[in-house]
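The sequence shown begins at 6 in this note's numbering and counts up one residue at a time.
Comments concern the structure below.
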Amino acid sequence: MNSVAGSGPLLEPLVCSGNFRRPARCILSFQNQRSAQLGYRLRSQQSKNCRRLTRAAAKDKHHHTSDKQLPAVKHADEAQASQPEAKGETVALWVGAAVLFGLGIWGIKGGPLAEQYFAGYLVEQSLSVDNLFVFILVFRYFKTPKPAQDKVLTYGILTAAVLRAVIILLGVELIETFKPVLLVFAGILIYSSVKILFSGEDDNEDDLSENNIVKLCRKFLTVTEDYDQEKFFTVQNGMRAATPLLLVLAVIELSDIVFAVDSIPAVFGVTQDPFIVYTSNIFAILSLRALYGFVNTVLGELRFLGPAVALVLGFIGSKMIAGFCGYELSTELSLGVVATLLGGGVAASLLLPEPSKLQ
Numbered sequence: 006m007n008s009v010a011g012s013g014p015l016l017e018p019l020v021c022s023g024n025f026r027r028p029a030r031c032i033l034s035f036q037n038q039r040s041a042q043l044g045y046r047l048r049s050q051q052s053k054n055c056r057r058l059t060r061a062a063a064k065d066k067h068h069h070t071s072d073k074q075l076p077a078v079k080h081a082d083e084a085q086a087s088q089p090e091a092k093g094e095t096v097a098l099w100v101g102a103a104v105l106f107g108l109g110i111w112g113i114k115g116g117p118l119a120e121q122y123f124a125g126y127l128v129e130q131s132l133s134v135d136n137l138f139v140f141i142l143v144f145r146y147f148k149t150p151k152p153a154q155d156k157v158l159t160y161g162i163l164t165a166a167v168l169r170a171v172i173i174l175l176g177v178e179l180i181e182t183f184k185p186v187l188l189v190f191a192g193i194l195i196y197s198s199v200k201i202l203f204s205g206e207d208d209n210e211d212d213l214s215e216n217n218i219v220k221l222c223r224k225f226l227t228v229t230e231d232y233d234q235e236k237f238f239t240v241q242n243g244m245r246a247a248t249p250l251l252l253v254l255a256v257i258e259l260s261d262i263v264f265a266v267d268s269i270p271a272v273f274g275v276t277q278d279p280f281i282v283y284t285s286n287i288f289a290i291l292s293l294r295a296l297y298g299f300v301n302t303v304l305g306e307l308r309f310l311g312p313a314v315a316l317v318l319g320f321i322g323s324k325m326i327a328g329f330c331g332y333e334l335s336t337e338l339s340l341g342v343v344a345t346l347l348g349g350g351v352a353a354s355l356l357l358p359e360p361s362k363l364q
């Protein structure tokens, strides 16, 4: 047994398995077993190497993909973050133009008219910002695409500039002919002030199906179901038909006429000079296009702006009644009160945000 045991590992399995009488066959069998074991180990090692290479390749691919994607994501985030800044710069540009025009009036026509212009501009601008919330509501209700919104605002502003010129000229003529009409204007302003202050949440609902202006426009306009890019008209079933964009434009224009019932008498409460009334209106209207994007993203947080505008309307209405009765308030006082009320509304909104915004 010792000689057998000392013959090496090749014969050990033969002794253990009891096949010592057939050494050639057993040795061949053992060699096959050893070859199979070596083949298994080789395949196992190759499999491990393949898995390692696959994981390394996947990691390398993910690394390169991330390197390619991160700049794109970064640029997209930077572009999105820069949008409010761009909108703010556009608003600042239009406000700067209005201020420069007022300074020009100061240098050419004197301080009193310039003060009237600035007071009228502040009043008109505050009312325009408040009206933009209604425009946003109209666009949301009709699901107007963003490029189409820009087109409606552009057409709406140009039309409003013409319509307000006509309304202002008629208003000046009416005041010169019939002075007590100022009391009617004052009543409109005070009524609007009370309505804004005591209106409930329901006035801001997104459902405009029962709105009188929308119902009137639907009565006279038959429109298609879908938008056709930025077109006001399209061809459907071989016939020319209006798109929803024309309905949106009609609603916006009629709404602006309704808003003029508040805004123009408010400026008449500050000054009755037709040049000052019209220029303050025009500069406020021209900034609407830039203000829309700003209001849609930023000024929605100013929850006290509406009440501040209501107080401004109430003050101007009371000023008109006092002026009709012979008690004139100076333009400096009017400008100070308007600026204080609007500035206070903005400051209160920033210092006292809605509880939901804090969560």
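Backbone N, C-alpha and C fix where the C-beta goes; we use that ideal spot for every residue, glycine too.
Check residue i in the structure and name its three-state DSSP category.
i	result
V275	coil
Q241	strand
R294	helix
S197	helix
E359	coil
P185	coil
Y332	coil
L174	helix
S268	helix
L307	coil
K368	Residue 368 cannot be examined here, being either before or after the span of the chain that is shown, 6 to 364.
S204	coil
Give the range of the alpha helix (DSSP H) segment to which residue i is assigned.
i	result
R225	Reading the sequence as shown, one finds Phe at residue 225 and not Arg. From DSSP, the alpha helix (DSSP H) with F225 extends over N217 to F225.
G341	T336 to L356
F320	L310 to F329
CA-CA distance, residue i and residue j?
i	j	result
Q154	I113	39 Å
D267	I193	7 Å
L316	G350	10 Å
K200	P358	23 Å
A255	F144	12 Å
D278	T345	24 Å
K224	A246	15 Å
T229	T248	5 Å
E258	T227	17 Å
H69	P152	The predicted model places H69 with a pLDDT of 47, which falls under 50 and marks its position as unreliable; any figure quoted below should be read in that light. C-alpha separation (whole angstroms): 36 Å.
V343	L168	26 Å
G348	T336	18 Å
L334	F203	27 Å
E306	F138	12 Å
I180	L187	7 Å
M325	K236	44 Å
L75	N286	In this prediction, L75 has a pLDDT of 39, which is less than 50 and means its spatial position is unreliable; what the coordinates show is noted afterwards. Spanning the two alpha carbons is a distance of roughly 47 Å.
Q234	N242	18 Å
I141	A119	32 Å
I321	P117	18 Å
V272	L127	9 Å
G115	V219	45 Å
T284	Y332	27 Å
L340	A295	24 Å
F264	P312	17 Å
S260	K184	27 Å
V177	G274	12 Å
G328	L338	14 Å
L108	D231	48 Å
L98	T159	17 Å
L221	L252	10 Å
A166	A289	10 Å
S149	L174	Position check: residue 149 holds Thr in this sequence, whereas Ser was assumed. C-alpha separation (whole angstroms): 34 Å.
T164	I269	16 Å
S198	L318	6 Å
S292	V96	7 Å
Among all the DSSP beta bridges, which residues are the ones paired with residue i?
i	result
V228	A247
Could I get the ranges of all uninterrupted alpha helix (DSSP H) runs contained in the region 96 to 153, with 4 residues as the minimum, in chain order?
116 to 146
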